[in-house]
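Inspection log for the structure reproduced underneath, given as structure tokens.
Residue numbers (this note's numbering): 26 to 293.
This is the structure in structure tokens:
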């Protein structure tokens, strides 16, 4: 956070995503895919970053000073988006919880389905807009009933157990969710993907997968490789039945598979 003075008044100006409130992250979402040099985009972003800055003060600034101040917003397009400030949202009377940063509390099957919906939404030739609603419904779920964080048996999961059928129903209800919220959830998932791809890079190199069908898909894939990986692990019985494997932490699966892949590469 940095400060600047205008007309004898001091204003705070965030300099990184960690400085932002949830409201500011949501307010910036519509501008993440905008061209910064067009239509006063930076000026609008500045108003989000510094909501206490009166418009009348901006009008009084010389063009050069206004330009210099707007340049202080460049970091939102230069740095990876951090959505950690947004932990929940409410829609149609239902409170939805986002997964923890980097999908720390996600199970394998929800990551697999999220990957499929993301690939469908981001398809370079035939993007499926409705898949974004399905991605949001897959990742964001109400708080689990009877949550007791002091229970020794608590597994750390605050969201209700993932259910594909429920996610399909909720996707329809989330169709009119504000676009800014959908963008934040999308960025939340993209941040987790970056973390996973970097942390388990052994699984994303040619020949590096520890199972026959690992998550080393190319850009034209439909994203189903993680589902295939779950099937392969279930057949081996490493984590138990298919359902037990599907509901195992995605990081547990990827950590162990990555370790096996690196060991295989060293032996070769």
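Each residue gets a CB set at the ideal place from its N, CA and C atoms; glycine is no exception.
Note that the coordinates shown come from a computational prediction; the quantities given were computed from them, not determined experimentally.
Three-state secondary structure assigned by DSSP to residue i
i, result
"residue 27", "strand"
"residue 263", "coil"
"residue 116", "strand"
"residue 123", "coil"
"residue 37", "strand"
"residue 168", "strand"
"residue 106", "coil"
"residue 59", "coil"
"residue 98", "helix"
"residue 111", "coil"
"residue 204", "helix"
"residue 223", "helix"
Status (buried if at least 16 other CB within 10 Å, exposed otherwise) for residue i
i, result
"residue 276", "buried"
"residue 250", "buried"
"residue 234", "Note on residue 234: pLDDT 40, under 50, position unreliable in the model; no value is reported."
"residue 195", "buried"
Residues of its chain near residue i, where Cβ-Cβ distance is below 7 Å and the 5 sequence neighbours each way are ignored
i, result
"residue 44", "26"
"residue 114", "121, 206"
"residue 62", "none"
Close beta carbons around residue i, own chain, < 6 Å, minus the five adjacent residues each side
i, result
"residue 127", "217, 220"
"residue 166", "184, 185"
"residue 116", "202"
"residue 239", "With a pLDDT of 41 at residue 239, under the threshold of 50, the modelled position of that residue is not reliable, and the figure given next carries that caveat. Cβ within range, chain order: 228, 254."
Own chain, CB closer than 8 Å to residue i, minus 5 neighbours either side, in chain order
i, result
"residue 31", "78, 82, 86"
"residue 168", "120, 122, 183, 184, 185"
"residue 69", "56"
According to DSSP, residues forming a beta bridge with residue i
i, result
"residue 132", "274"
"residue 184", "168"
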